[in-house]
Amino acid sequence: MVFGLFKRKDPVCGMKEEKGKGLEKHEKWFCSQDCMSKFDQALKKSQKHRGGSCCH
Ligand SMILES: [Zn+2]
Numbered sequence: 334m335v336f337g338l339f340k341r342k343d344p345v346c347g348m349k350e351e352k353g354k355g356l357e358k359h360e361k362w363f364c365s366q367d368c369m370s371k372f373d374q375a376l377k378k379s380q381k382h383r384g385g386s387c388c389h
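Residue numbers for the sequence shown follow this note's numbering, so the first one is 334 and each next one is one higher.
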């Protein structure tokens, strides 16, 4: 919630958010569809690994 104050960056390649560019998902910013799907895959893997018993 407080993170809205900060400039975001692509968690996959580390590129800084640019207005009017990229995509948004999971409250995060991605420079491209490619990075977004990479993040999605990593997320699915980690959720599978943990068994999904944590937060939701
Ligand atoms: Zn990227």
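Just so you know, even glycine gets a beta-carbon here, dropped at the ideal spot from N, CA and C.
Please read these numbers as outputs of a predicted model, since none were measured by experiment.
DSSP beta-bridge partners of Leu356: DSSP lists Phe363 as the bridge partner or partners of Leu356.
Note down the Cα distance separating Asp367 from Lys354, rounded to an integer number of angstroms. Distance between the alpha carbons of Asp367 and Lys354 is about 14 angstroms.
Out of curiosity, what's the CA-to-CA distance linking Lys340 and Leu376? Per the coordinates, the alpha-carbon of Lys340 lies some 22 angstroms from the alpha-carbon of Leu376.
Can you give the Cα-Cα distance for Lys349 and Gln374, rounded to whole angstroms? Approximately 21 angstroms between the Cα atoms of the pair.
Let me check one thing: in DSSP terms, what residues is Lys371 bridge-paired to? Residue pairing from DSSP leaves Lys371 without any beta-bridge partner.
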